[in-house]
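The structure appears below as structure tokens.
And the structure:
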């Protein structure tokens, strides 16, 4: 059990789970060094907090990859939180565009938050030799592509699940310091009686984070 520090309100504390996941995936599991570039695939809370962690840790280019449905809401928030570029996977060649932005020698880390097989394939392809993919997203279909690129170019796939006490402690400190921003990601504040509206907004990607408060009569 952790005490919420001064300066962190309940809305911020409510989303510590994805913050801690983002912290662990980059700060604890990868070999990321300041001055490198990072690509984040996925525009949900895990992806957007990963953008912030990459910014905090000194990434030069932070590229967010999403889809057409992310253009209206999630891409602008990604840029507000530190993304230096966004790539629309529905209309652009993701691998070519990310390599164009970062250069083939600078892209050492991809945080894959979508769980889609095509995203993992793209992540492996775009990496420089000796680069890493931290797979945060969960996929449930068998892989339908070769991963020989990993062997040929000494690339790594690192599995990620949850966080530990170090993640939690340090993420809380970053949140309390103001280094991590939550409010731009809270797109909806609704009563618990409107839960269906909140779920619908998540499905159609007009929401990023929905905060629900109890509004039933005693």
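Residue numbers (this note's numbering): 4 to 221. Idealized CB from N, CA, C, for every residue including glycine. Remember, it's a predicted structure, so these values are computed and weren't measured experimentally.
Straight-line Cα distance separating residue j from residue i
{"i": "residue 97", "j": "residue 39", "result": "19 Å"}
{"i": "residue 60", "j": "residue 219", "result": "43 Å"}
{"i": "residue 105", "j": "residue 99", "result": "10 Å"}
{"i": "residue 182", "j": "residue 14", "result": "16 Å"}
{"i": "residue 115", "j": "residue 9", "result": "33 Å"}
{"i": "residue 134", "j": "residue 51", "result": "21 Å"}
Cβ-Cβ distance between residue i and residue j below 9 Å
{"i": "residue 188", "j": "residue 80", "result": "yes"}
{"i": "residue 118", "j": "residue 91", "result": "no"}
{"i": "residue 19", "j": "residue 171", "result": "yes"}
{"i": "residue 158", "j": "residue 152", "result": "yes"}
{"i": "residue 41", "j": "residue 113", "result": "yes"}
{"i": "residue 209", "j": "residue 194", "result": "no"}
{"i": "residue 150", "j": "residue 127", "result": "yes"}
Contact set for residue i: own chain, Cβ-Cβ below 8 Å, skip 5 residues either direction
{"i": "residue 85", "result": "54, 55, 57, 58 and 65"}
{"i": "residue 173", "result": "26 and 30"}
6 Å Cβ shell around residue i - same chain, five flanking residues per side excluded
{"i": "residue 102", "result": "129"}
**Message:** Which complete alpha helix (DSSP H) runs does the stretch 111 to 186 hold, if anything under 4 residues is left out?
**Reply:** If we require 4 residues or more, the alpha helix (DSSP H) runs fully inside the stretch 111 to 186 come out as 120 to 129, 151 to 155 and 168 to 180.
**Request:** Decide yes or no for the touch test of the stretch 61 to 75 against the stretch 4 to 12: beta carbon pairs closer than 8 Å, at least 3 of them.
**Result:** As far as the Cβ criterion goes, the stretch 61 to 75 does not touch the stretch 4 to 12, which means the pair count is below three.
**Request:** Kindly confirm or deny that the stretch 126 to 144 and the stretch 30 to 46 touch, where touching means at least three C-beta pairs closer than 8 Å.
**Result:** Using a C-beta cut-off of 8 Å, the stretch 126 to 144 makes contact with the stretch 30 to 46, since at least three inter-stretch Cβ pairs fall below that distance.
**Continuous beta strand (DSSP E) assignments of at least 3 residues falling wholly in the stretch 77 to 109** = As far as the stretch 77 to 109 is concerned, its whole beta strand (DSSP E) runs of at least 3 residues are 88 to 91.
**Prompt:** Looking at C-beta atoms only, is the number of pairs between the stretch 156 to 166 and the stretch 21 to 38 that lie closer than 8 Å three or more?
**Reply:** Yes, since at least three Cβ pairs between the stretch 156 to 166 and the stretch 21 to 38 fall closer than 8 Å, the two stretches touch.
**Message:** So within the stretch 182 to 215, which uninterrupted alpha helix (DSSP H) runs reach at least 4 residues, ignoring any that extend past its ends?
**Reply:** Within the stretch 182 to 215, the complete alpha helix (DSSP H) runs of at least 4 residues are 198 to 206.
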